[in-house]
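Residue numbers (my numbering), protein chains in the order written: chain B, 1 to 477; chain S, 478 to 952; chain H, 953 to 1053.
Have a look at the structure below, then the notes.
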């Protein structure tokens, strides 16, 4: 049976009874069976539970807004009773004691959780090569990385295994893999989606968001997961409502890219074409200045590693997770944590600990927070003149697996274009806008002012109605 | 042996009397079963977030106002990092550079004030129990709201340290922010101790003492530590900067960790909790709730004619002071209200193991009993019987003191015509006592009075009996 | 001296309860040195008088009422939490002693 590809079409078909939730689940499981051996998007597929879930849905009268939509979950988002690892040995064997608010809201809306997606350990990476449980491959070319850290989620959607996946974005971890896999990925405004139940990486940067085939599906998912949560003190009180505003008269800003970004020529060309398309759809394109953008990446890595070093302190093999037997307490901590964390995690813990240590705090951590203020002000000034800012999501398309794993700094620099939105807490979406010379997808990033998620998604939807990049599928599936 | 001046600074942790923990809705109360009062949040499970308890913040503000602190309009939470099994997240949520209260002082009640540095909010840790070959961790206490009160090192004797803690406890109990029960751990104290040669000499090397669990132990631990340091300095050696644990069983302090192993807590602002801005109206509302201080009450009681000792006993606890004051107001006799409160009322509460506020004899009732004595209807012995009868009455409609007098038959006999025959009878039976009295042994009068009270089952009016006896015995 | 030396890396590792062999410590120290050099590019920005932004939201005074968990609360409590631990005894989490035998 051929299933509709989009979440919206699927839930409409399920709601009218044209297709049953169990048929949908069987179709999805069959696709995963066919594709995931090669791609490795999933750490675990919970097939029997998904079937049981579908049967329960069929029996119930409730028809939520995502009725019958199967979704994949990045393995840093908890669902009570499911294993959860963050792709780290230190949590191997742990089962979540409670559910993340965002996951629970999807389930309550009638969506069906299918399985857990691979990622860079704790989100530390942009290639999904830093998983303790194996790599994930890009469906467009299985020699290439899918991006990261939500690489499993993006690859699962790109290969057509699921119509929707949840990812998390601390410095680009939804948008960058979405760009590299040719799908649509949204990082909402910080505080839009409750972080309760998301295993923290950088607490002031993390945000949960959807990865789907279209901006319309992302908006549908966001309308379910957004909204105040009393269990997250940083959750915003404002409600989210989708918008159908088109591009006519929309002020689209284009910022000069930092010299250090130097995107590949074919990426620059695709982005320029996309901007022309937006212009032809009625957008007013104008330049904007983001003078501190090039410093975002250093500021980001200082803030992110500082917060990560703190957030990873709780993994001690006492209350959950793995432990290494030891005869004294200090050895217990050291052996458990040394065996449990991968090298990138250790690097970041040390770096963050350094930035926070007495004597260095002002020069590193505090300085980064001051630069963060300047970056936020840049955006505030820019959004006084424009509604959205567009540009490439990444300077490079997906590279070959293994190419950069030994050079942390050069890999970090690839996050140059995505990290400013996290520092400023603003929404940003990556949508497909064509292919580079090697046939790999290119992502267009749209950034909006805080709480401008709906306008951003409406602009992306208008673009997608006029283009077919988001409908292209890799031959692999 | 040289004379050294002790320099002592106290850091006091006080558990706030909220219904729930600081960052989750687990109860701020626990029975005996370990790890029964936890949730993913206080147990530091992955992915949880802290949401501050409004009442905990407000109780902290009230405590700060009672201590005369400057409550800060802007403050924030920070993370303090160290590894210990009873600290689930690997960091404690505390306050670092922007505590919610600065300055203030503890009034020792004798004209001296000990300045405070600051007060901040933080979460409590769990408890570790060390057994042979392993340790056990109970997280029930994790996340209980605390304030840490940091005193300046302006104390110069263990007795003053005790007075500081005693005053602090009274003040916080009056402000109803904490039970401040050191034995139960709701008030805990660490002490920084050093010695110097003269009061204007620079501070000596400071030793921190932890694990002191009662007011009595504070003085003992400080006495021990001061003697230890003096012995080191007298021998010409130097005191090592370190943290020492008070070992109650052995009555000594012993080294826990040296400065070389000192921590770098890597404080940074807690990103999960937006900052706290305290509006003037919020602070003023708490100020309204700060009761009259124990020091002011004590002065007021002394002005009403009570002794300094009585005033001190009556202000030890706000419940006691409230009970006394309500009785005093209702009977208009401070001395009688004070006598009853300090003796029968406190004893009754102690024997029953209940708070004085829970006694069946309410201040109004006690005032009526005192009134019956004042009007001569009953004597003190009868009053005590009435008090005990109402105290132990079963549930149901309460007897009034007047009804109790009738039921007990303790109405005083004051009519001299009724009493004189009894007095003559007793005098006849006790010739020796009569003779002794007439020889000048005035004490013999008490024996006679006792016999007369016995004959009347305690109902005779002692004053009238005294008059009749004196008249009949006079030559 | 602002760059971490191998010995200092060991102090950081100790604070983070991580074990680094000498060789790893040297390699990571080299990487961190490069990264810190790169971080110092921020020195070129004038941030005098600029307030740091530790938070991504402008919220203030977000609190919860002092009300105990209700029966409808969906979070697990007590025993269910304890059971997540790798080793328990006497209703407690079991950990190795502070000092070894």
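Think of the CB as a built atom: it goes at the ideal place given N, C-alpha and C, for glycine as much as any other residue.
Quick caveat, the model's predicted, so the values are computed rather than measured.
query, result
"Simplified DSSP state of residue 669 (chain S), which is helix, strand or coil", "strand"
"Alpha-carbon to alpha-carbon, residue 466 (chain B) and residue 280 (chain B)", "10 angstroms"
"Close beta carbons around residue 910 (chain S), own chain, < 6 angstroms, minus the five adjacent residues each side", "921, 924 and 925"
"Given 8 angstroms, three or more beta-carbon pairs between the stretch 212-221 of chain B and the stretch 6-13 of chain B", "yes"
"Proximity test, Cβ basis, 8 angstroms: residue 319 (chain B) and chain H", "yes"
"Min CB distance residue 953 (chain H) to chain S below 8 angstroms", "Note that residue 953 (chain H) scores a pLDDT of 42, beneath 50, so its modelled location is shaky and nothing firm can be said."
"CB contact flag (residue 254 (chain B), residue 275 (chain B), <8 angstroms)", "yes"
"Buried/exposed call for residue 387 (chain B), threshold 16 Cβ in 10 Å", "buried"
"Cβ of residue 1003 (chain H) within 8 angstroms of any chain B Cβ", "yes"
"CB contact below 8 angstroms: residue 1000 (chain H) versus chain S", "no"
"Nearest to residue 718 (chain S) (by Cα), restricted to the options S:671, S:744 and S:527", "S:671"
"Counterpart residues of residue 42 (chain B) in DSSP-defined beta bridges", "B:117"
"Contact under 8 angstroms by Cβ, residue 50 (chain B) with residue 114 (chain B)", "yes"
"Minimum Cβ-Cβ distance from residue 503 (chain S) to chain H less than 8 angstroms", "yes"
"When S:743, S:680 and S:662 are compared against residue 631 (chain S), the one with the closest alpha-carbon", "S:680"
"Selected residue, minimal CA-CA separation from residue 21 (chain B), among B:71, B:41, B:34 and B:43", "B:71"
"Residue-level contact to chain B via CB, residue 1030 (chain H), 8 angstroms cutoff", "no"
"Residue of H:1030, H:1035 and H:1026 minimising C-alpha distance to residue 490 (chain B)", "Nothing can be reported for residue 490 (chain B): it is not among the residues displayed for chain B, which extend from 1 to 477."
"Three or more C-beta pairs below 8 angstroms linking the stretch 932-942 of chain S and the stretch 845-864 of chain S", "yes"
"Residue 657 (chain S) - DSSP class collapsed to helix/strand/coil", "coil"
"Those residues which DSSP pairs with residue 721 (chain S) across a bridge", "S:686 and S:732"
"Listed by chain order, chain H residues near residue 390 (chain B) by CB distance under 8 angstroms", "Under the 8 angstroms cutoff, chain H gives no residues; its nearest Cβ is about 22 angstroms from residue 390 (chain B)."
"DSSP state of residue 311 (chain B) mapped onto helix, strand, coil", "helix"
"Residue 607 (chain S), DSSP secondary structure in three states", "strand"
"Every unbroken alpha helix (DSSP H) inside the stretch 196-262 of chain B [4 residues or more]", "215-225"
"Where the beta strand (DSSP E) containing residue 937 (chain S) begins and where it ends", "Per DSSP, residue 937 (chain S) belongs to no beta strand (DSSP E) and is neither H nor E."
"Close-in-space but distant-in-sequence residues of the same chain around residue 734 (chain S) (CB under 7 angstroms, 5 per side omitted)", "719 and 720"
"Chain S contacts from the stretch 211-243 of chain B (Cβ-Cβ distance under 8 angstroms)", "230, 231, 232, 233 and 234"
"Per DSSP, the bridge partner or partners of residue 982 (chain S)", "Chain S is shown only over 478 to 952; residue 982 (chain S) falls outside these bounds and no answer can be derived."
"is_contact[residue 551 (chain S), chain B] using C-beta, thresh 8 angstroms", "no"
"The alpha helix (DSSP H) enclosing residue 651 (chain S), as first and last residue numbers", "635-651"
"Nearest-angstrom Cα separation, counted from residue 711 (chain S) out to residue 478 (chain S)", "Reliability fails at residue 478 (chain S), whose pLDDT of 49 lies under 50, so the model's placement of it is uncertain and the value that follows must be treated cautiously. The straight-line gap from Cα to Cα measures roughly 6 angstroms."
"Opposing strand residues paired with residue 1041 (chain H) [DSSP bridges]", "H:1044"
"Expected contact under 8 angstroms - CB spacing of residue 881 (chain S) and residue 866 (chain S) to nearest Å", "5 angstroms"
"Inter-stretch contact (C-beta, 8 angstroms, three-pair minimum) for the stretch 57-75 of chain B and the stretch 145-162 of chain B", "yes"
"Whole-number beta carbon distance between residue 392 (chain B) and residue 443 (chain B), since they are thought to touch under 8 angstroms", "7 angstroms"
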